[in-house]
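Residue 141 in our numbering sits at position 115 of the sequence shown, with consecutive numbering throughout.
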Amino acid sequence: ASSGLENGVKSDIGNRAVNSGGVWSMMTSIPYKGFKKGRRFGMDMDDIQFLEENIQEIDVISPRCQAGGWQGGNNASYDNNTGSFNIYGETPGLVKIQPMNITQGRFINAADIKEERKVCSIGKKVFTTLFVKGENPIGKYIQINNVNVQVIGVIASMKEGDDSAEENESIFMPITAFQRTFNYGKTIGWFSVKSVDGYPISKLQEEIKAKLKIRKSVHPADQRAFGSWNMEEELADVNTLFASLKFISFSVGILALFAGIIGIGNIMLVSVTERTKEIGIRRALGAAPSVIIKQIISETLLITIVAGLLGIFFGVLVVELLNNALAGMGDSGSFRNPTVSFNVVFGSFLILIVAGVFTGLLPAYSAVRVKPIDALRKE
27 ASSGLENGVK
37 SDIGNRAVNS
47 GGVWSMMTSI
57 PYKGFKKGRR
67 FGMDMDDIQF
77 LEENIQEIDV
87 ISPRCQAGGW
97 QGGNNASYDN
107 NTGSFNIYGE
117 TPGLVKIQPM
127 NITQGRFINA
137 ADIKEERKVC
147 SIGKKVFTTL
157 FVKGENPIGK
167 YIQINNVNVQ
177 VIGVIASMKE
187 GDDSAEENES
197 IFMPITAFQR
207 TFNYGKTIGW
217 FSVKSVDGYP
227 ISKLQEEIKA
237 KLKIRKSVHP
247 ADQRAFGSWN
257 MEEELADVNT
267 LFASLKFISF
277 SVGILALFAG
287 IIGIGNIMLV
297 SVTERTKEIG
307 IRRALGAAPS
317 VIIKQIISET
327 LLITIVAGLL
337 GIFFGVLVVE
347 LLNNALAGMG
357 DSGSFRNPTV
367 SFNVVFGSFL
377 ILIVAGVFTG
387 LLPAYSAVRV
397 KPIDALRKE
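Structure follows, in structure tokens:
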């Protein structure tokens, strides 16, 4: 189960560049240069240009705007079909940070930005809501809050589950056209950024914040003025989480293995106790202790192997049934492709066999220590 969850989560975040992240402005918490704490400030396109010109470690920076989402949906319509979706103002650089699966047409390009074209790429859910199945949306005009915008592409998210909504249920416009259409001026909501190869994104974000603090008259020690996230830290958190889950799974597995070994030991102990008279007769007829010990160990080994193989069979069967069920569902969210590790299975099976043999030694030696005459008297 933990492998399925790990595969799902890492697949959802794995499409983003590892050396990428986002930065946004919040509220100051320290008075500075005559400004009181609690001051809100924004960012604009000039700030993006300033950062590009002054920080060489930036590979790609993509300013972003959003209308909708937590601010409320925007009405989009085509013919008699309507829907409420998020609207994003984007630049072509976004696909270098957050790859997208363009199923039809194209994404925003530099000419769209320069000419402030009222065009858009729409998510898969937007397409299926506004258009008839099989209809080609490219070149058609949809209305967004009574503004005509031409569709130039369709996007199918590379994520699954709830994480896919950002792309599948959204409309992406050139940021310049977005700002003009929604009266944003040069204001942006936040920006995504990617560092050059080999340069830590967390270090780049600190440099960006430091320069923006100077530019926005924010105290250098103010840690609440800007918010940020990055894939570097997110992946570290995910790896820590799944290391803990693997340890828990390992611990539970060891306890289950231990319980199985005790169960086999109890079975053999009861079996030997019930056959004490039989063993006494064999001893009286001249059977060597080593022969009896070998027989009991062999029986223990057989039970252990059969139990282990049955456990492996049913474990693999459950995983395969779960895989088939998830495949049938199509969208399995943050849980997909659970697997069974061969090394774990083989190691557990080997430990079970070895431990089973040692477990059988106690009843075996108990059996041969009983005197034949005492064994024959036992009812």
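Ideal Cβ positions, reconstructed from N, Cα and C, are used throughout, including at glycine. All figures in this text were calculated on a predicted structure; none of them were measured in a lab.
Nonlocal neighbours in the same chain, by C-beta distance under 6 Å from residue i, ignoring five residues either side
i: Y167; result: N174 and Q176
Inter-residue CB distance, residue i and residue j (contact presumed, cutoff 8 Å)
i: E195; j: G149; result: 5 Å
i: L335; j: I234; result: About 58 Å; that fails the 8 Å criterion.
i: L283; j: S374; result: 6 Å
i: I227; j: A102; result: Not quite, the Cβ-Cβ distance comes to about 34 Å (not below 8 Å), so this is no contact.
i: Y58; j: S243; result: 6 Å
Inter-residue spacing [alpha-carbon to alpha-carbon] between residue i and residue j
i: R241; j: S147; result: 34 Å
i: E258; j: G224; result: 12 Å
i: G382; j: S183; result: 51 Å
i: G386; j: M294; result: 7 Å
i: A390; j: V298; result: 8 Å
i: V264; j: I113; result: 30 Å
i: G119; j: V332; result: 59 Å
i: F153; j: N127; result: 14 Å
i: W50; j: I123; result: 16 Å
i: Q97; j: R65; result: Residue confidence is low: Q97 scores 49 on pLDDT, short of 50, so the model does not pin down where it sits. Its coordinate-derived value is still stated next. Roughly 21 Å between the two C-alpha positions.
i: L376; j: G312; result: 35 Å
i: V158; j: Q249; result: 50 Å
i: S110; j: F204; result: 17 Å
i: I280; j: E300; result: 30 Å
i: V278; j: I329; result: 22 Å
i: K239; j: N171; result: 36 Å
i: P163; j: V344; result: 43 Å
i: A262; j: N369; result: 25 Å
i: P246; j: T54; result: 11 Å
i: V44; j: G165; result: 35 Å
i: E83; j: G60; result: 33 Å
i: I56; j: L267; result: 34 Å
i: A93; j: E260; result: 26 Å
i: T129; j: V180; result: 6 Å
Same chain only: Cβ atoms within 7 Å of residue i, ignoring 5 sequence neighbours per side
i: V406; result: Past the edges of the chain, shown from 27 to 405, lies residue 406, and the structure says nothing about it.
i: Q321; result: none
i: P89; result: M71, I74, T117, I201, I214 and F217
i: D85; result: K220, S221 and V222
i: G68; result: S51 and T213
i: R143; result: P200 and A203
Bridge partner(s) assigned by DSSP for residue i
i: A182; result: N127
i: E325; result: Partner(s): none; E325 has no beta bridge.
i: V317; result: In DSSP, V317 forms no bridge with anything.
i: I214; result: M69
i: G109; result: A102
i: P200; result: E116
i: G47; result: V219 and N256
i: Y58; result: F61
i: V177; result: C146
i: M53; result: R66
Own chain residues within Cβ distance below 8 Å of residue i, not counting five before or after
i: I318; result: I305, R308, R309, A390, A393 and V394
i: S327; result: First, the residue type needs correcting, since residue 327 is Leu and not Ser in the sequence shown. I379, G382, V383 and G386, listed in sequence order.
i: V145; result: I134, D138, V175, Q176, V177, I178, M199, P200 and A203
i: I81; result: L230, E233, I234 and K237
i: S254; result: G47, G48, V49, W50, Q231 and K235
i: A136; result: P118
Any chain D beta carbon closer than 7 Å to residue i
i: V278; result: This model lacks chain D altogether; it includes just one protein chain.
Worksheet entry | Segments of 3+ residues assigned as beta strand (DSSP E) that fall wholly inside the segment 143-171 | 145-149 and 167-170
Checklist line | Secondary structure, beta strand (DSSP E): runs of 3+ residues fully inside the segment 70-104 | finding: 84-93 and 100-104
*Kindly provide the ranges of any beta strand (DSSP E) runs that are 3 or more residues long and lie completely inside the segment 221-304, ordered along the chain.*
252-256
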